[in-house]
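K.L.:
The working numbering numbers the first residue of the sequence shown as 470 and each following residue consecutively.
Idealized CB from N, CA, C, for every residue including glycine.
Following this message is one structure expressed as structure tokens.
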Amino acid sequence: MKTSKRLLSALLAALLTFSLAACNKDGDGKLNIPVNQNGSKDFQKNMHQSDSLEFGRVSETEDGIYIQLDWDYMYYIDKATKGITILCGKPECEHNDNTCNAYTYSNSIWFAGDKLYFINSDSIMENGSYVDYGLRLYCVDPNGENRRVVQKLQFEVGGETSSWAPFPIQHRGIVYFPYCGVLYAMPMGGDIEKDAMAIWGEKSADAGQSFNLSAPRYTLWADGDFMYFMVNIQQADKTYKDTLFQYDPSSRAVEQVWQVPGKDKVGEWTSTGVSVSQWYVKDGTIYFYLSGGDFWKTDLDTGETVKLADSHEKTKYGKAVFSDDYLCLINSTPEDEDGGQQYGIGGDDYLGGDTIYVYGLDGTFVKELSLKSLYDKFDTLESCELVFCSGSDIYFVADASTKVWSGNVGKKEGNFILCCINIETGEITQIYNFD
């Protein structure tokens with residue numbers, strides 16, 4: 470790890486009373502990660518929950534979790550011990566450039582079979598100069614070694630790069646990805662020119678531009694036999710609504726199955742009639758959270774919408790993540806009139822994400838989990854944000870950085886802390902500190 474991070478981690482570890490996980494290496498420098506890692510061929514729904522800008526994507530196996538931290542580098546977390554290690558294993562590697570095994574710089578990752586897959590759009594140094602190959606899918610061994618290109622994800626280099634393109638996903642051996650406004654499906658490892666099939670959409674007017682603002686922004690999902698995609702669709706009255714489509718790979722049929730409800734069905738909330746705050750599809754049902762407007766579910770076959778929980782009674786505003794077992798909600802504050810975050814000052818008035826409320830999928834309230842001990846430890850801690858839920862562990866990031874001003878420009882310096890809290894015990898574990 471970089472020297473600055475070692476020093477900062479050591480300082481934080483001296484202050485914290487909960488556990489600090491250690492890196493895991495054999496004496497020869499090789500990573501001691503089980504080689505029999507096995508990932509599902511289905512889309513990992515709970516791993517695609519975070520909208521935090523501090524994180525890349527997340528994927529899990531039976532034994533561990535792969536997560537991109539430090540913006541560019543892949544790490545492995547042992548589920549049982551919460552020990553973490555950077556996915557490199559190269560002796561004397563400083564983990565600060567693209568020669569590191571852990572360097573991924575990806576906006577989408579998943580583990581399928583016995584390989585970790587990730588998306589990368591960086592240029593490659595060849596014969597003394599950089600060559601741009603465009604967006605491509607890579608795979609590596611569980612320990613980060615034997616990296617190779619699996620397939621291209623751009624028809625033309627320079628057309629709608631990963632800086633704006635939404636995250637591709639994998640489900641049952643098919644890779645789904647958008648390109649210039651069109652959503653495609655392709656067998657993993659296929660030839661984009663021969664095997665990519667258009668599912669939905671039309672080539673946008675700005676197709677071919679690196680930053681294509683006119684192309685629809687897809688949120689991709691999969692569950693059971695179907696693939697789903699959410700698009701913000703313009704209505705007849707010129708407003709926009711989040712709209713969910715279902716794609717059947719066997720028949721190649723696309724069907725609109727849901728649209729974010731209006732206030733006539735679910736009452737007022739902070740973004741009525743526009744966007745759903747968070748959603749999760751499981752067994753033909755969409756579970757969704759409306760910030761300021763509770764937890765709901767809709768049967769995608771019948772269209773019946775039912776309230777699951779009056780979560781506004783716990784917190785008016787919040788952010789949620791879901792799993793196959795839980796609905797998890799952390800309290801937060803609305804934007805103030807100047808567009809910045811409001812935070813209470815001191816004691817019980819502080820509302821920067823200090824309590825997690827856990828519900829079952831049927832809406833039954835399970836438990837309230839306090840994060841206030843973190844705010845007591847760190848004067849600079851502004852907020853905590855949920856990342857994902859795995860089993861009985863909820864992973865979150867605590868923003869313990871400080872703001873340094875240069876003139877009228879503020880910049881964050883310091884650290885974010887990746888933690889998890891156990892639903893059953895309420896125990897908080899520190900996993901990793903990063904800039």
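According to DSSP, simplified to helix, strand and coil, what is His-640?
P.N.:
Three-state result, His-640: strand.
K.L.:
Under DSSP, the alpha helix (DSSP H) around Tyr-844 begins and ends at which residues?
P.N.:
From DSSP, the alpha helix (DSSP H) with Tyr-844 extends over 841-846.
K.L.:
Would you report the Cα separation of Glu-804 and Tyr-786, rounded to the nearest angstrom?
P.N.:
Residue confidence for Glu-804 is low, a pLDDT of 49 falling below 50, so the modelled location carries little weight and cannot support an answer.
K.L.:
If you follow the beta strand (DSSP E) that Leu-896 is part of, which residue opens it and which one closes it?
P.N.:
Looking at the sequence itself, residue 896 is Glu, so the reference to Leu does not match. Where Glu-896 is concerned, there is no enclosing beta strand (DSSP E), given that its DSSP letter is neither H nor E.
K.L.:
If you measure between the beta carbons of Cys-797 and Ile-897, is that distance less than 8 Å?
P.N.:
No.
K.L.:
Per the contact definition of three or more C-beta pairs closer than 8 Å, is the stretch 578-595 in contact with the stretch 603-612?
P.N.:
They touch, by the three-pair rule.
K.L.:
Straight-line CA distance for Thr-712 to Glu-561?
P.N.:
If you take the alpha carbons of Thr-712 and Glu-561, they lie about 50 Å apart.
K.L.:
For a test of the three-state rule: what should DSSP assign to Phe-903, helix, strand or coil?
P.N.:
In this structure, Phe-903 counts as strand in the three-state DSSP scheme.
K.L.:
Could you give the DSSP three-state label for Asp-793: helix, strand or coil?
P.N.:
Three-state result, Asp-793: coil.
K.L.:
Does DSSP put Ile-661 in a helix, a strand or coil?
P.N.:
Three-state DSSP puts Ile-661 in a helix.
K.L.:
Starting from Val-626 and walking both ways along the beta strand (DSSP E), at which residues does that stretch end?
P.N.:
Unbroken run through Val-626: none, as it is neither H nor E.
K.L.:
Identify, in the order they occur along the chain, each residue of the same chain with its Cβ nearer than 6 Å to the Cβ of Phe-847, setting aside the five sequence neighbours on each side.
P.N.:
Within the same chain, Phe-847 has close Cβ partners Ala-869.
K.L.:
Would you list the one or two residues that DSSP bridges to Glu-854?
P.N.:
Its beta-bridge partners are Val-866.
K.L.:
Between which two residues does the beta strand (DSSP E) harbouring Val-651 extend?
P.N.:
Element bounds for Val-651: 651-656.
K.L.:
Which residue's Cα is closest to the Cα of Gly-603: Asn-596, Glu-614, Glu-625 and Met-594?
P.N.:
Closest by alpha carbon: Glu-625.
K.L.:
Does DSSP put Asn-911 in a helix, in a strand, or in coil?
P.N.:
Residue 911 falls outside the range modelled here, since the chain spans only 470 to 904, and no answer is possible.
K.L.:
In whole angstroms, what is the alpha-carbon distance linking Cys-889 and Val-619?
P.N.:
Spanning the two alpha carbons is a distance of roughly 33 Å.
K.L.:
Residue range of the alpha helix (DSSP H) that Lys-734 falls in?
P.N.:
That run of the alpha helix (DSSP H) goes 732-735.
K.L.:
Check whether the Cβ of Leu-759 sits closer than 7 Å to any heavy atom of the ligand SAH, and report yes or no.
P.N.:
Looking for the ligand SAH in the displayed structure turns up nothing, as the structure carries no ligands at all.
K.L.:
If I'm right that Tyr-572 touches Tyr-544 with Cβ under 8 Å, what's the distance once you round it to whole angstroms?
P.N.:
The pair is not a contact, with the Cβ atoms about 12 Å apart (cut-off 8 Å).
K.L.:
Among Gln-518, Ala-549 and Leu-538, whose alpha-carbon lies nearest the alpha-carbon of Thr-530?
P.N.:
Ranking Gln-518, Ala-549 and Leu-538 by Cα distance to Thr-530 puts Ala-549 first.
K.L.:
In this structure, what does DSSP give as the bridge partners for Ser-528?
P.N.:
Ser-528 pairs with Tyr-535.
K.L.:
Throw me the rounded Cβ distance for the Tyr-756 and Lys-766 pair, which I believe falls under 8 Å.
P.N.:
Their Cβ separation, rounded to whole angstroms, is 5 Å, which keeps Tyr-756 and Lys-766 in contact under 8 Å.
K.L.:
Taking only three categories from DSSP, how would you classify Ser-575?
P.N.:
It is coil, neither helix nor strand.
K.L.:
If I'm right that Gly-558 touches Glu-614 with Cβ under 8 Å, what's the distance once you round it to whole angstroms?
P.N.:
Right, the Cβ-Cβ distance comes to about 7 Å (below 8 Å), so this counts as a contact.
K.L.:
Consult DSSP for Glu-773 and reduce its assignment to one of helix, strand or coil.
P.N.:
If DSSP states are grouped into helix, strand and coil, Glu-773 belongs with coil.
K.L.:
Identify whether Asp-807 lies in helix, strand or coil by the three-state DSSP scheme.
P.N.:
Note that Asp-807 scores a pLDDT of 40, beneath 50, so its modelled location is shaky; the value from the coordinates is reported in the next line. Three-state result, Asp-807: coil.
K.L.:
When you compare only the Cα positions, how much space is there between Tyr-795 and Gln-537?
P.N.:
C-alpha separation (whole angstroms): 24 Å.
K.L.:
Take the Cβ of Asn-565 as the centre, count every other Cβ of all protein chains shown within 10 Å, and call the residue buried at 16 or more, exposed below.
P.N.:
Its Cβ having fewer than 16 others within 10 Å, Asn-565 is exposed.
K.L.:
Express the C-alpha separation of Ser-720 and Leu-887 in angstroms, rounding to a whole number.
P.N.:
Cα to Cα, Leu-887 sits roughly 43 Å from Ser-720.
K.L.:
Rounding to the nearest angstrom, what Cα-Cα distance links Glu-737 and Ser-746 in this structure?
P.N.:
Spanning the two alpha carbons is a distance of roughly 13 Å.
K.L.:
Under the assumption that Lys-734 contacts Thr-774 (Cβ atoms under 8 Å), give the Cβ distance between them as a whole number of angstroms.
P.N.:
Going by Cβ atoms, the distance from Lys-734 to Thr-774 rounds to 6 Å, so yes, they are a contact pair.
K.L.:
Give every residue of the same chain whose Cβ lies closer than 7 Å to the Cβ of Gln-623, excluding the five residues on either side of it in the sequence, and list them in chain order.
P.N.:
If we look at Gln-623 and ignore the five residues flanking it on each side, its Cβ neighbours are Gly-603, Leu-604 and Tyr-648.
K.L.:
Does DSSP put Ser-719 in a helix, in a strand, or in coil?
P.N.:
Three-state result, Ser-719: coil.
K.L.:
If you follow the beta strand (DSSP E) that Ser-598 is in, where does it begin and where does it stop?
P.N.:
Ser-598 -> beta strand (DSSP E) spans 598-600.
K.L.:
Bridge partners of Pro-685, per DSSP?
P.N.:
In DSSP, Pro-685 forms no bridge with anything.
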